[in-house]
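To start, the structure under review is shown below, and the notes come after it.
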Amino acid sequence: MSKRFPRYYYLVATLVIFVTEVVIALYVNDAVIRPFLGDVLATILVYTFIMGVSNGKPLPVASLALFISFCVEIAQFFELVYRLNLDQYKFALVVLGTSFSLWDLVMYCLGFFLICVVEWYYAFAKAEQSSLPRQ
265 MSKRFPRYYY LVATLVIFVT EVVIALYVND AVIRPFLGDV LATILVYTFI
315 MGVSNGKPLP VASLALFISF CVEIAQFFEL VYRLNLDQYK FALVVLGTSF
365 SLWDLVMYCL GFFLICVVEW YYAFAKAEQS SLPRQ
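Numbering follows my numbering, with no gaps: position 37 of the sequence shown is 301.
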């Protein structure tokens, strides 16, 4: 996975995913989209942001995004937002979250998997394209 999308693709994706996450957080209160899709998108959001501001390679950056997602979930397990007395700040409650779930970890892994599939497909398509004879 050495080939990557142009940096601005990642920045546009970051903006679109961020707006989607905000809409989900503010207007969706169900049992599927908010808890599951939101977590899948959270890992992808972290990934697209890092890729948009760095020259990182897809797999290491995807692994970092997964690690960050897991760290946030572990912080929820240890109720870090309350232990640091940040519960009075709405922003901290939204970013760090308040409830641990093993399903969240599964959804973060799904986000990681989707990143890898998309990046692999793009790298494969670019490799195929560059191996075609020029006419």
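Yeah, the Cβ is synthetic: ideal placement off N, Cα and C, and Gly gets one too.
- If the five residues before and after Ile338 are omitted, its C-beta is found closer than 6 Å to no C-beta atom of its own chain.
- One thing to note: Thr307 has its Cβ within 7 Å of the Cβ of Ala329.
- In the structure shown, the three-state DSSP call for Phe355 is helix.
- With contacts defined as CB atoms closer than 7 Å, Tyr346 and Ala326 fail to qualify as a contacting pair.
- With a 10 Å radius around the Cβ and a threshold of 16 neighbouring Cβ atoms, Pro270 comes out exposed.
- Ala387 carries a helical assignment under DSSP once its states are collapsed to helix, strand and coil.
- Going by DSSP, Ser327 is part of the alpha helix (DSSP H) stretching over 322-341.
- Only exposed fits Pro324, as fewer than 16 other CB atoms lie within 10 angstroms of its CB.
- Taking the CA atoms as reference points, Ile297 sits about 12 Å from Leu290.
- With at least 16 other beta carbons inside 10 angstroms of its own, Leu309 counts as buried.
- When only Cα atoms are considered, Arg268 and Gly375 end up about 17 Å apart.
- With a cutoff of 7 Å on beta-carbon distance, Tyr274 and Gly320 are scored as not near each other.
- Counted as a single uninterrupted DSSP element, the stretch harbouring Thr362 is not any alpha helix (DSSP H), since DSSP gives it neither H nor E.
- Taking a C-beta distance under 7 Å as the contact criterion, Tyr386 and Ser333 do not qualify as a contact pair.
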